[in-house]
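>
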Amino acid sequence: MAKSKYVSEFALSGRLVAFLVGDQPKYLRLQTADSELLIKIPKEDRFRLPEVLSLGVWVHVEGERKVDFKKGLVKHKAHTIVPTSVEQTGGATSPAAAQPPAPATAKPACILVCRKSDCWKRGGREVSAALQTNLRDRGLDEQVTIKETGCMKRCKAGPNIVMPDKTRYSRISASEVPQILDRHCETASPAAPAPDRRPSTAPAKLAPVAQYCLLRS
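Sequential numbering from 33 applies to the sequence shown in the working numbering.
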């Protein structure tokens with residue numbers, strides 16, 4: 033004689049449609065690509081689930097399926113219920129997963145400028161303004177930002193700036209800013225290089241000593 037009941041394991045992913053029966057629900061309704069199922073929630077999770085899962089989220093459910101052939105009933109009892117952004121074993125694809133990921137936005141490079149009073153009095157204000165003007169003229173103002181900082185511990189050698197590649201310059205003047213950007217604009221900007229708007233005569237290269245470039249005695 034054939035068995036009238038059959039027990040097996042199941043694993044399904046779908047959208048959480050509803051919790052049923054009171055503040056501590058005994059069941060949840062899960063919508064998959066093929067059907068909408070009523071699944072019994074484990075006793076230990078009945079109070080917690082409504083607090084951590086919002087209706088409409090995607091969940092992955094594993095548990096036990098009981099089929100009563102005589103009565104024509106199928107019952108699902110969950111063992112684990114976890115949120116997921118994409119179906120894992122069945123059901124429709126999440127709309128969020130179906131959409132192509134948004135392109136990553138590159139983080140702007142940053143030039144540090146010491147704003148300590150000693151550096152500021154030695155020309156730091158003019159250097160900062162020259163950096164902003166030259167970056168704007170080169171079309172790099174959205175790719176490279178200027179950040180004015182506290183003391184860099186070399187105020188007697190001010191003004192002090194630090195380029196995105198960590199090269200430090202001291203005792204510079206506003207007139208030397210274009211020359212410095214000529215050396216670092218490609219490093220600072222990961223995007224395509226901006227049109228060259230400088231005169232045809234190339235500026236003399238600077239010779240750094242270690243990481244400190246003293247451009248003016």
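From the three backbone atoms N, C-alpha and C, an ideal C-beta is built for every residue, glycine too.
(1) Could you give the residue range of the beta strand (DSSP E) that holds GLN63?
(2) Identify which residue in VAL114, TRP90, MET184, ASP214 has its Cα closest to the Cα of ARG203.
(3) Measuring CA to CA, which of TRP152, THR165, PRO210, LEU85 is closest to ALA189?
(4) Tell me which residues share the same chain as ALA234 and place their Cβ nearer than 6 Å to its Cβ, disregarding the 5 neighbours each side in the sequence.
(5) When DSSP labels each residue in this structure, what does LYS35 get in the three-state scheme?
(6) Around the Cβ of ALA65, are there at least 16 other Cβ atoms within 10 angstroms (buried) or fewer (exposed)?
(7) Here's the rule I'm using: 16 or more other beta-carbon atoms within 10 Å means buried, otherwise exposed. How should PHE51 be labelled?
(8) In whole angstroms, what separates the C-alpha of SER86 from that of GLU41?
(9) Could you tell me how far apart the beta carbons of THR196 and ILE143 are, in whole angstroms, since I believe they sit closer than 8 Å?
(10) Output the distance between the C-alpha atoms of GLY46 and TYR38, rounded to the nearest integer angstrom.
(11) Less than 8 Å between C-beta atoms, sequence neighbours within five positions excluded: which residues of the same chain meet that for PRO140?
(12) Please classify ASP214: does DSSP put it in a helix, a strand, or coil?
(13) What's the gap between the Cα of LYS198 and the Cα of SER149?
(14) Determine the burial state of PRO115: buried for a count of at least 16 other Cβ atoms within 10 Å of its Cβ, exposed for fewer.
(15) Just the Cα atoms here: how many angstroms apart are PHE21 and PRO57?
In short, the structure shows the following:
(1) 59-63
(2) MET184
(3) TRP152
(4) Annotation note: pLDDT 49 at ALA234 (below 50); position unreliable, no value reported.
(5) coil
(6) exposed
(7) buried
(8) 26 Å
(9) The residue you asked about is not Thr; residue 196 is Pro in the sequence shown. With 8 Å as the limit, PRO196 and ILE143 qualify as a contact, their Cβ atoms being about 6 Å apart.
(10) 24 Å
(11) GLU174, GLN175, VAL176, THR177
(12) helix
(13) 22 Å
(14) exposed
(15) Limits of the chain in this structure are 33 at one end and 249 at the other, which puts residue 21 out of reach.
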